[in-house]
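For the sequence shown, the UniProt record's numbering assigns the number 1 to the initial residue and increments by one for each residue that follows.
In this text, a Cβ means the ideal position worked out from N, Cα and C, and glycines have one as well.
In this text, all values refer to a predicted model and were calculated from it rather than measured experimentally.
Here is the structure we will look at.
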Amino acid sequence: AYYVFFENSSSNPYLIRRIEELNKTASGNVEAKVVCFYRRRDISHSLIQLADKHASKCRGPEDLEEEKEEEKESPLEAELTDKQKHQLRHRELFLSRQYESLPATHIRGKCSVALLNETEAVLSYLDKEDTFFYSLVYDPTQKTLLADKGEIRVGPRFQADVPDMLQEGESDEWDQSKLEEKLWDPDCPLSSKQIDQFLVVARAVGTFARALDCSSSVRQPSLHTSAAAASRDITLFHAMDTLHRHGYDLSSALSVLVPSGGPVLCRDEMEEWSASEAAMFEEALEKYGKDFNDIRQDFLPWKSLTSIIEYYYMWKTTDRYVQQKRLKAAEAESKLKQVYIPTYNKPNPNQISVTNGKMATVNGAGPGAYHAAGGGRACESCYSMQSAQWYSWGPPNMQCRLCVSCWMYWKKYGGLKMPSRPRSRGHGPRQSSHMVPVRNSGSPKSSTKTKQAFLLQATRLTKLARHMCRDIIRLRRAARRPFVPINCGAIKAECKSSFNS
C-alpha cells in the first residue's frame with residue numbers, strides 16, 4: 001500500500017490517503033482511487049472525546065499498576081512533555097472505508113500510516129518523519145467511531161494464565177473438563193491400508209447419503225459432484241472419530257456408519273450455504289476484506305460468526321477462488337503501476353513576498369501589509385522572528401504568519417508545533433502587542449467564526465494606567481480595536497499630571 005499527501009487547498013493541511021489503484025481517464029489524465037484517512041481536526045469534538053476515552057480504556061487499572069512497577073525497574077518510555085503530547089495528537093488518524101478519486105497531480109509526497117502497536121513506544125512515531133498511526137475506524141456518514149478489527153493482540157492483557165507447577169505429593173485438583181481430549185491414537189492396531197479402506201467406505205456411504213437427501217441432490221445433481229462433496233474433510237473427520245470411539249474395531253465402526261435410520265450425512269459450511277449466500281459473501285469480502293464482524297452485520301446476519309469464518313477458509317480452497325485470483329491478477333497487470341509526477345514548485349498563494357519595504361501575499365490578498373524584516377509579527381508556532389520565507393496563516397484580519405518550517409509542519413500534520421499559549425510582550429507588532437488572539441488551532445471551524453476572542457496581556461503599570469487615564473483614552477475599550485495603535489505619549493503625560501497633582 002502507498003500512503004501519500006494530497007493537496008486540495010493551498011491554505012489547508014494536506015489530505016492523507018492510501019492509493020488503491022491508478023486509472024487513466026478518457027482525457028488522458030491520471031486519477032488515483034484512494035482510501036480516506038481523517039485527522040482529529042476533521043471530526044466532531046464529541047467523537048474526539050470518545051476516541052480519548054477508548055484510548056484510556058485500552059489500559060485497565062491492573063495494567064497501569066504493572067506498568068508502573070516495570071517503569072521503576074526498567075523504564076521503557078519517558079514521561080511525555082506537553083509539547084510531545086500536543087504533537088502526538090497530530091500523528092493520530094482515523095481510518096474510513098470511504099473511497100474517492102483524486103487527480104494524481106495533486107500528490108505532494110509520500111508518508112507512512114500504521115496500525116497503533118501497543119508494544120512500540122509512542123515516541124517512535126514522533127522520531128520518524130511523515131509517520132502517522134490509527135486505531136479507530138471513522139464512518140463519515142453515520143458519524144461513528146469503531147475499533148479496528150485488525151488490532152494486534154499483544155501485551156499483558158492477552159497473556160495466558162499458566163497455573164503453578166504441582167509440588168511432589170500435591171494432589172491434582174484441576175477441572176478435568178478443561179483438559180484436552182485425545183482424538184486419535186497413532187499407535188492403533190490398524191495398518192495404514194486398513195484405515196484407507198475404511199475411509200473409502202465412509203466416502204461411499206457419504207455419496208449414497210447425498211443421493212437419498214433431496215436438498216443435496218438439488219445442489220449436487222451429478223454423481224461426480226456428490227462424490228467430491230463426500231470426500232471433503234468433514235466426512236474423513238467423522239470416519240476417524242468413529243474408529244477412535246470404537247477402539248479401532250472395524251466391524252463395530254462400520255455398523256455405526258450406516259445405522260438403522262439410514263446412512264449418516266455429514267455436511268460442512270460449503271454445502272450448507274446456498275448459491276445466493278455465497279454470492280453475497282463474495283460481495284461483502286470485496287467491500288470489507290476479512291472483517292467478518294461487518295460482513296455478518298451488513299450482509300449475512302442470519303449466519304453465525306463461526307460459520308462465516310469457516311466458510312471463508314473453505315472458500316479459499318475452491319476453483320472459484322483461484323479463478324477470481326487470476327482475474328484480479330490480470331486486471332492488476334492492465335492497470336497503471338506507476339506515474340511520474342514532476343516536482344511541484346509553484347509558489348503558494350499564502351507565501352508572503354517583500355515589496356516596497358513591506359510584506360504582502362503573493363496573490364495580493366490575505367492578511368494585508370506586513371512590516372519588513374525585523375518589525376513583522378513573530379511566527380505563530382515557534383515565535384521566531386527570522387525565516388527564509390513567511391506564509392500567511394489564519395483569518396486575514398488576524399495578520400498571522402508562519403515561518404517556512406512551521407508552515408510545512410502545518411501542511412503535513414494539521415496543527416502548530418507548539419501548544420497554544422499566551423504571547424509574551426516581545427512578540428508581534430509593537431502597536432498591537434497588548435492583544436493576543438486566542439484560537440483553537442486544531443479545529444477546522446476556527447477560521448470561519450465571525451467573532452474572535454482576545455486576551456489582554458496587562459502589566460501592573462498597564463492596570464494602574466487603566467484606572468488613572470479616563471479622559472484622554474479609555475484602555476478598557478482598546479480590546480475592541482486591536483489594530484489601532486495606542487498613544488503611549490498621551491498616557492504618560494496624563495499619568496505624570498495625575499501623579500504631580
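CA nearest to the CA of residue i, picked from the options
i	options	result
D268	D233, A490, S135, F281	D233
N350	W390, E333, K316	W390
Q98	D127, V122, V137, R326	V137
T242	W184, E168, M385	W184
R40	L15, E20, A228	L15
K328	D130, A26, E21	E21
E271	T235, G261, D291	T235
R108	S9, N23, P186	S9
Q84	L126, T105, T119, S96	L126
Y344	H467, T105, L47	T105
Residue i - containing beta strand (DSSP E), residue span
i	result
R401	400–403
C495	That residue, C495, is in no beta strand (DSSP E); its alpha helix (DSSP H) goes 488–500.
Y38	30–39
R108	107–115
W302	Careful: W302 lies outside any beta strand (DSSP E) and carries neither H nor E.
R245	Careful: R245 lies outside any beta strand (DSSP E), inside the alpha helix (DSSP H) at 233–245.
Own chain partners of residue i with C-beta closer than 8 Å, once the 5 adjacent residues on each side are dropped
i	result
D164	none
C111	Y3, V4, F5, I16, D130, T131, F132, K412
M280	F299, L300
Exposed unless 16 or more other CB atoms sit within 10 angstroms - verdict on residue i
i	result
K287	exposed
S387	buried
L402	buried
A230	buried
Q87	buried
E331	exposed
G206	buried
Q49	exposed
Y38	buried
V113	buried
K72	Note that K72 scores 41 on pLDDT, short of 50, meaning its location in the model is unreliable and no value can be drawn from it.
L336	exposed
Limits of the unbroken alpha helix (DSSP H) element including residue i
i	result
G206	192–212
S252	250–257
A147	Where A147 is concerned, there is no enclosing alpha helix (DSSP H), although the beta strand (DSSP E) it sits in stretches over 144–147.
Y99	Segment 92–103 is the beta strand (DSSP E) holding Y99; no alpha helix (DSSP H) there.
E120	Where E120 is concerned, there is no enclosing alpha helix (DSSP H), given that its DSSP letter is neither H nor E.
Y288	275–288
V322	319–334
L223	223–230
E271	269–272
Same chain, Cβ closer than 6 Å to residue i, five either side skipped, listed in chain order
i	result
A78	Reliability fails at A78, whose pLDDT of 47 lies under 50, so the model's placement of it is uncertain and the value that follows must be treated cautiously. Nothing meets the Cβ criterion.
N356	Residue placement at N356 is flagged as unreliable, the pLDDT there being 43, under the threshold of 50; the coordinate-derived value follows with that caveat. Cβ within range, chain order: n/a, list empty.
L190	Y248
Beta-carbon contacts of residue i that lie in its chain and below 7 Å, excluding the five residues immediately before and after
i	result
G375	Low per-residue confidence applies at G375: pLDDT is 49, beneath 50, and the placement is therefore not dependable enough to give any value.
C266	G206, I234, T235, H238
Integer-rounded CB distance, given that residue j should sit under 8 Å from residue i
i	j	result
M418	S381	6 Å
K303	R296	6 Å
L145	F94	7 Å
E92	Y134	7 Å
A239	F208	No, A239 and F208 are not in contact; Cβ-Cβ is about 14 Å, not under 8 Å.
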